[in-house]
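**Q**
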Amino acid sequence: MGLLGMILAAVIVAVLLAIVIVKFLPLKLRWIASILLLGLTVFLVYKIYYGIMEPIIFNKNKVIKYSKVIQNLKIIRDAEVKHFEVTGKYTKDKAALIQFIDTAKLALTETKTIVEKENRGGGIIIDVEKRQTDTIGYEPVSKYFKGKNYKEMFKIPGVEGKEFEVEVGTVEKVPGMVVPTFYVKSHKTDILKGMDESLLKQELEQLATDQIKGEFVSVGSLDEVSTGGNWPPFYDKDGDKNE
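Residue numbers (UniProt numbering): 1 to 243.
Dropping the structure here:
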């Protein structure tokens, strides 16, 4: 509405200026009015161009910023998942999670089918197949984070002095079965700080399926059993979008 109002006002001014030129301005001074009209035209063209391009530039820049944030969220997610595999729980202790990657080992297991004799009574003995899982070794958790900057995974890229918020909880998946959960988030206003305020306000109210909905960029959930992020699938394709 601001752009349309400005264009309408400029058109009205141009029309009024043209009327003044024709009716009241002497011929020898009309060159001044021509310069004013030219300046007004240039200004109007600039505002129209900027009004069209500003949302395009905003969307391009936000994807670049979000992509960097999402890369860190994926590392945190993977770290939480490995922590759960080893300890049976998630953690909100950031320093402890980094240390876990540095020091913890993940058990390597092998599952095979064995046949055991089972006495059913009355002299009846049958072969019964059972699955047996054995630990055959251990491997360092750090192996899964090779080439990833997990030491600084909690820092929000491009946001000085800010870190992701981490929460853990539990949810009753079925009656009597309580499952651990985790949730990591960053507010969009932190990530997009300094960008156009009106477009940022629209971004916080996003509901489209091809956009990051709501006020946060996040992974996990405290309300359901999920390790997924709230970003659309294209952020997971073709590598980083920050190139």
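Where a beta carbon is used, it is the ideal one built from N, C-alpha and C, also for glycine.
According to the neighbour-count rule (16 or more other Cβ atoms, all chains shown, within 10 Å of its Cβ), is Ala79 buried or exposed?
**A** Buried, because 16 or more other Cβ atoms sit within 10 Å of the Cβ of Ala79.
**Q** Give, in chain order, every unbroken run of the alpha helix (DSSP H) that is at least 4 residues long and sits entirely within the segment 139-223.
**A** List check, alpha helix (DSSP H) in window: 188-191, 197-204.
**Q** Check Gly228 in the structure and name its three-state DSSP category.
**A** DSSP places Gly228 in coil when its eight states are reduced to three.
**Q** Tell me whether Asp240 sits in a helix, a strand or coil according to DSSP, three-state version.
**A** Confidence at Asp240 is low in this model, with a pLDDT of 46, below 50, so the placement of that residue is unreliable and no value is reported for it.
**Q** Pick helix, strand or coil for Ala79, following the three-state DSSP scheme.
**A** Helix at Ala79.
**Q** Around the Cβ of Asn149, are there at least 16 other Cβ atoms within 10 angstroms (buried) or fewer (exposed)?
**A** The residue in question, Asn149, is exposed, as its Cβ has fewer than 16 Cβ neighbours within 10 Å.
**Q** Tell me which residue opens and which closes the beta strand (DSSP E) that Ala107 is part of.
**A** First-last of the beta strand (DSSP E) with Ala107: 105-121.
**Q** Please go through the same chain and pick out, in chain order, the residues whose beta-carbon is closer than 6 Å to the beta-carbon of Gly239, but skip the five residues on each side of it.
**A** Model confidence at Gly239 stands at a pLDDT of 49, short of 50, so the residue's coordinates are unreliable and nothing is read from them.
**Q** Please state whether the Cβ-Cβ distance between Lys92 and Val166 is less than 8 Å.
**A** For Lys92 and Val166, yes; Cβs fall inside 8 Å.
**Q** Between Lys82 and Leu106, how many whole angstroms is the CB-CB distance? I'm expecting something under 8 Å.
**A** The pair is a contact, with the Cβ atoms about 7 Å apart (cut-off 8 Å).
**Q** Return yes when the Cβ of Val217 is within less than 8 Å of the Cβ of Ile76, no when it is not.
**A** Contact flag unset, no.
**Q** Determine the direct distance from the alpha carbon of Ser198 to that of Ser38, and round the result to whole angstroms.
**A** Per the sequence presented here, residue 38 reads as Leu, with Ser not at that position. Going by the C-alpha atoms only, they are around 30 Å apart.
**Q** Are the segment 182-193 and the segment 151-162 touching by the rule of at least three beta carbon pairs closer than 8 Å?
**A** Touching, yes.
**Q** Taking the straight line between their C-alpha atoms, what separation do you get for Gln99 and Ser221?
**A** Those two C-alpha atoms are separated by around 24 Å.
**Q** For the pair the segment 58-68 and the segment 102-121, tell me if three or more CB-CB distances fall below 8 Å.
**A** Counting Cβ pairs under 8 Å, fewer than three are found: no touch.
**Q** Around the Cβ of Thr181, are there at least 16 other Cβ atoms within 10 angstroms (buried) or fewer (exposed)?
**A** Thr181 comes out buried.
**Q** Mind the definition here: the segment 195-209 touches the segment 52-60 only if three or more C-beta pairs lie below 8 Å; say whether that holds.
**A** They touch, by the three-pair rule.
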